[in-house]
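So the protein sequences, as listed, match chains A and B. Position 342, counted from 1, in the first sequence is what the working numbering calls 342; the numbers after and before it change by one each time, with no gaps. Position 199, counted from 1, in the second sequence is what the working numbering calls 558; the numbers after and before it change by one each time, with no gaps. Glycine residues also receive a C-beta, built at the ideal position from the N, C-alpha and C atoms. Following: one structure in structure tokens, then a few remarks.
There are 2 protein chains.
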Amino acid sequence: MTQASPSRNDRFLRALRREPVDRTPVWLMRQAGRYLPEYRATRARAGSFLAMAKNPELACEVTLQPLARFPLDAAILFSDILTVPDAMGLGLYFAEGEGPKFERPIRSEEDVAKLSVPDMETELRYVMDAVRLIRRELHDRVPLIGFSGSPWTLACYMIEGGGSENFSKIKAMALNAPALLHRVLEVNTAAVIAYLSAQRTAGAQALQVFDTWGGVLGPAMYREFSLPYLARIARELRRGEDAERTPLILFGKGNAPYLEELAGTGTDAVGVDWLIELGEAARRIDGRVALQGNLDPATLYGKPAAIREQVRSALDSYAEGNGGSRDGHVFNLGHGLSPDMNPEHVAALVEAVHALSAR
Amino acid sequence: MTQASPSRNDRFLRALRREPVDRTPVWLMRQAGRYLPEYRATRARAGSFLAMAKNPELACEVTLQPLARFPLDAAILFSDILTVPDAMGLGLYFAEGEGPKFERPIRSEEDVAKLSVPDMETELRYVMDAVRLIRRELHDRVPLIGFSGSPWTLACYMIEGGGSENFSKIKAMALNAPALLHRVLEVNTAAVIAYLSAQRTAGAQALQVFDTWGGVLGPAMYREFSLPYLARIARELRRGEDAERTPLILFGKGNAPYLEELAGTGTDAVGVDWLIELGEAARRIDGRVALQGNLDPATLYGKPAAIREQVRSALDSYAEGNGGSRDGHVFNLGHGLSPDMNPEHVAALVEAVHALSAR
Numbered sequence: 001m002t003q004a005s006p007s008r009n010d011r012f013l014r015a016l017r018r019e020p021v022d023r024t025p026v027w028l029m030r031q032a033g034r035y036l037p038e039y040r041a042t043r044a045r046a047g048s049f050l051a052m053a054k055n056p057e058l059a060c061e062v063t064l065q066p067l068a069r070f071p072l073d074a075a076i077l078f079s080d081i082l083t084v085p086d087a088m089g090l091g092l093y094f095a096e097g098e099g100p101k102f103e104r105p106i107r108s109e110e111d112v113a114k115l116s117v118p119d120m121e122t123e124l125r126y127v128m129d130a131v132r133l134i135r136r137e138l139h140d141r142v143p144l145i146g147f148s149g150s151p152w153t154l155a156c157y158m159i160e161g162g163g164s165e166n167f168s169k170i171k172a173m174a175l176n177a178p179a180l181l182h183r184v185l186e187v188n189t190a191a192v193i194a195y196l197s198a199q200r201t202a203g204a205q206a207l208q209v210f211d212t213w214g215g216v217l218g219p220a221m222y223r224e225f226s227l228p229y230l231a232r233i234a235r236e237l238r239r240g241e242d243a244e245r246t247p248l249i250l251f252g253k254g255n256a257p258y259l260e261e262l263a264g265t266g267t268d269a270v271g272v273d274w275l276i277e278l279g280e281a282a283r284r285i286d287g288r289v290a291l292q293g294n295l296d297p298a299t300l301y302g303k304p305a306a307i308r309e310q311v312r313s314a315l316d317s318y319a320e321g322n323g324g325s326r327d328g329h330v331f332n333l334g335h336g337l338s339p340d341m342n343p344e345h346v347a348a349l350v351e352a353v354h355a356l357s358a359r
Numbered sequence: 360m361t362q363a364s365p366s367r368n369d370r371f372l373r374a375l376r377r378e379p380v381d382r383t384p385v386w387l388m389r390q391a392g393r394y395l396p397e398y399r400a401t402r403a404r405a406g407s408f409l410a411m412a413k414n415p416e417l418a419c420e421v422t423l424q425p426l427a428r429f430p431l432d433a434a435i436l437f438s439d440i441l442t443v444p445d446a447m448g449l450g451l452y453f454a455e456g457e458g459p460k461f462e463r464p465i466r467s468e469e470d471v472a473k474l475s476v477p478d479m480e481t482e483l484r485y486v487m488d489a490v491r492l493i494r495r496e497l498h499d500r501v502p503l504i505g506f507s508g509s510p511w512t513l514a515c516y517m518i519e520g521g522g523s524e525n526f527s528k529i530k531a532m533a534l535n536a537p538a539l540l541h542r543v544l545e546v547n548t549a550a551v552i553a554y555l556s557a558q559r560t561a562g563a564q565a566l567q568v569f570d571t572w573g574g575v576l577g578p579a580m581y582r583e584f585s586l587p588y589l590a591r592i593a594r595e596l597r598r599g600e601d602a603e604r605t606p607l608i609l610f611g612k613g614n615a616p617y618l619e620e621l622a623g624t625g626t627d628a629v630g631v632d633w634l635i636e637l638g639e640a641a642r643r644i645d646g647r648v649a650l651q652g653n654l655d656p657a658t659l660y661g662k663p664a665a666i667r668e669q670v671r672s673a674l675d676s677y678a679e680g681n682g683g684s685r686d687g688h689v690f691n692l693g694h695g696l697s698p699d700m701n702p703e704h705v706a707a708l709v710e711a712v713h714a715l716s717a718r
């Protein structure tokens, strides 16, 4: 398998390159997830989320599930954003009904000193095996997206030890020991670059960085602790790639204030949440990169007719801000799908995107 | 007692009117709260948060506690943002370790039809009694702020039945039955206006509306379901007031995209969270109203020296965006204090604001 083998449906990759397409491509964050009964069945067989994510066959199975139901324009590797710190030895686990946690969070300078970039083909081999298997099973129907958490977002979990209400530990470190936090972010950045490069080598045809928690930072801290590391990832991933390079999407919750800066990092696309009109985002990005987003996921709690109207608004808003053209837009939600969402509503959304964006 | 009786420390009211002051005034959202041991002691005596909020003597006691410790420039009524829907008959309660909940949330058109504006001097008399008592006990040392939740924020709790992760019920109503949601918001708005007016009559010298959840809405929904009701409150509260009117502050988490619109509502001040530089906020508000905010509350996890630097940045950023003047700025956090914060750090913050802003 090579990256050059073209996908039969290449709308997604063309849109990321801002090339003309017949319809706006669509995929959905967490499209392989608990809202699908077949996903819940696989998970029950696997025993746990992590067992499923660490088993390439099961990861492949759930990656493909939403594609069997909906005419999505991309697949995304089924995995977790925290595989990298897990491979660093922090001990990822999921307490029932809670989010991810680490058994050995970073608490001291010694903990920081021990951090190093994991080996991709041993400690994270299960991810690369999953990428290779999914590519094989996809038969180039649609492109496969690989991904990672951002350096800042990984650091949040590594230092807080899990989810957090006010990010007290990492913000205390940012204030009291910023050099120490930068060391964590340096290691994370090197690891994310190696991780995304390895996924690309294994066959990922596009890459997304999830900066899930960048938006909890005020502007000065965002520009010190998140943005420069995103920019380094974008720069390093381009190095040595030819014109056929694997496009990169920088997604971030709460990244609307920084669109111009993100568009200037060298990334191919920026993914935005639902707190900004796509038209405004497109105007500010000004054709420099592609734009991904941005329906409020809660739109899926609406009836199909309401979903369709929201899709229409988003499509039209993008075109209005993009000089009348729908090109350069990848349709997505502004955040992931939730377990209580109705698959029929997801079908209505995907159908509406394709129907209402036909050129 | 009359509103005309001047407070000895009137920096806060002068800043809200954009008049010159000797130092930038400061108060802190949730300044009377669990981070104070004396608050925890009063709460233990009261038995519960609600018992404390509904008892004017205890509400007065905890309102005054932070003023005994710190040279704050305003007191804020100790109460809950959900007193109004509680008085509408929804049955507010607090489950241990969880946020506020309602026993009888709004689930149907019939529930909506039953909603009405509560009587302020009977059903909410305990709040007005607390305002009167606090004013008496304050002896005009500093002004007293009254407050309410915003119509949208009240509706979130009334419809979700408590806190929410993705606001699925109220957003479903916004999409599937917008007219029904507008009816809820109409009643809430009338109730908030009556509630704030009654607090003013009882002696509140400034009023703040907390739009805690406005920021979960995308722009189109914010402009349909939150902003117009905030604007109506600002307009109605001005009606019939003379030049000595009681200033109004519209605070909202995630309101940065709408500063120009908020400044145009007729409010006296806008309160912002920490996700925008004060300088940018001041430039966009352009002297039309005062600005309140906006340190990241997590700054209090930093050491006093770091807190001082963050205070300096915020003060300087405001002045830079306000044509070099520190006037028209009320210092505050971008959100409330948390129970695990150190009162000595709060002292350092208040001291730094006064020291670094002396004219």
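Best match in the options for proximity to residue i [C-alpha to C-alpha]
i: Gln558(B); options: Phe506(B), Gly520(B), Val575(B), Asp478(B); result: Phe506(B)
i: Arg125(A); options: Ala155(A), Ala53(A), Pro151(A); result: Ala53(A)
i: Gly336(A); options: Pro304(A), Ala155(A), Ala46(A), Pro297(A); result: Pro297(A)
i: Phe102(A); options: Arg223(A), Glu110(A), Asp86(A); result: Asp86(A)
i: Glu96(A); options: Leu196(A), Asn322(A), Phe49(A), Ala155(A); result: Phe49(A)
i: Gly99(A); options: Glu524(B), Leu451(B), Thr442(B); result: Glu524(B)
i: Val543(B); options: Pro415(B), Val471(B), Glu620(B), His688(B); result: Val471(B)
i: Pro219(A); options: Leu609(B), Leu637(B), Tyr617(B); result: Leu637(B)
i: Gly508(B); options: Trp386(B), Leu555(B), Thr422(B), Arg399(B); result: Leu555(B)
i: Leu144(A); options: Arg40(A), Leu64(A), Ile193(A), Tyr222(A); result: Leu64(A)
i: Val270(A); options: Gln292(A), Gly287(A), Glu261(A); result: Gln292(A)
i: Ala702(B); options: Tyr660(B), Leu534(B), Val712(B); result: First, the residue type needs correcting, since residue 702(B) is Pro and not Ala in the sequence shown. It is Tyr660(B) whose Cα lies nearest to the Cα of Pro702(B).
i: Ala561(B); options: Tyr452(B), Pro587(B), Pro415(B); result: Pro415(B)
i: Leu382(A); options: Lys662(B), Val709(B), Ser676(B); result: Absent from the structure is residue 382(A), since the part of chain A shown begins at 1 and ends at 359.
i: Ala306(A); options: Tyr516(B), Tyr588(B), Ala714(B), Ala536(B); result: Ala536(B)
i: Arg40(A); options: Leu58(A), Leu92(A), Val117(A), Gly254(A); result: Leu58(A)
i: Glu186(A); options: Cys156(A), Tyr229(A), Asp286(A), Val21(A); result: Tyr229(A)
Residues near residue i by beta carbon distance below 7 Å, same chain, minus five either side
i: Cys60(A); result: Ala130, Leu133, Ile134, Glu137
i: Leu217(A); result: Phe225, Ser226
i: Thr83(A); result: Leu124, Val127
i: Tyr222(A); result: Gly214, Tyr258
i: Met120(A); result: Met128, Ala194, Tyr195, Ala198
Cβ shell of residue i (< 6 Å), same chain only, five flanking positions each side left out
i: Arg597(B); result: Gly625
i: Ser168(A); result: none
i: Phe569(B); result: Ile440, Gly508, Phe610
Counted within 10 angstroms of its Cβ, other Cβ atoms place residue i as buried (16 or more) or exposed
i: Ala204(A); result: buried
i: Ala319(A); result: buried
i: Arg404(B); result: exposed
i: Glu519(B); result: buried
i: Lys473(B); result: exposed
i: His704(B); result: buried
i: Asp627(B); result: buried
i: Asp369(B); result: buried
i: Met341(A); result: buried
i: Ser357(A); result: buried
i: Thr122(A); result: exposed
i: Met360(B); result: Confidence at Met360(B) is low in this model, with a pLDDT of 41, below 50, so its placement is unreliable and the value that follows should be read with caution. Classification of Met360(B): exposed, given that the 10 Å Cβ count is below 16.
i: Asp22(A); result: exposed
Beta-carbon contacts of residue i that lie in its chain and below 8 Å, excluding the five residues immediately before and after
i: Ala615(B); result: Val631, Asp632, Leu634, Ile635, Ala640
i: Ala347(A); result: Arg69, Phe70
i: Pro698(B); result: Gly392, Arg393, Tyr394
i: Thr605(B); result: Gln362, Arg559, Ala563, Gln564, Ala565, Leu566, Leu596
i: Leu449(B); result: Phe461, Glu462, Arg463, Pro464, Ile465, Met517
Per DSSP, the bridge partner or partners of residue i
i: Tyr93(A); result: Lys101(A)
i: Asn653(B); result: Asn691(B)
i: Asp570(B); result: Gly611(B)
i: Gly505(B); result: Leu566(B)
i: Gly630(B); result: Phe610(B), Gln651(B)
i: Ala75(A); result: Leu144(A)
i: Val385(B); result: Phe690(B)
Below-8 Å beta-carbon distance, residue i vs any chain D residue
i: Phe167(A); result: The structure shown contains no chain D; its protein chains are A and B.
Tell me, please, whether the stretch 306-318 of chain A touches the stretch 603-613 of chain B by the rule of three or more beta-carbon pairs shorter than 8 Å.
-> No contact exists between the stretch 306-318 of chain A and the stretch 603-613 of chain B.
Contact between the stretch 679-695 of chain B and the stretch 366-383 of chain B: three or more CB pairs below 8 Å?
-> Contact holds: three or more Cβ-Cβ distances are below 8 Å.
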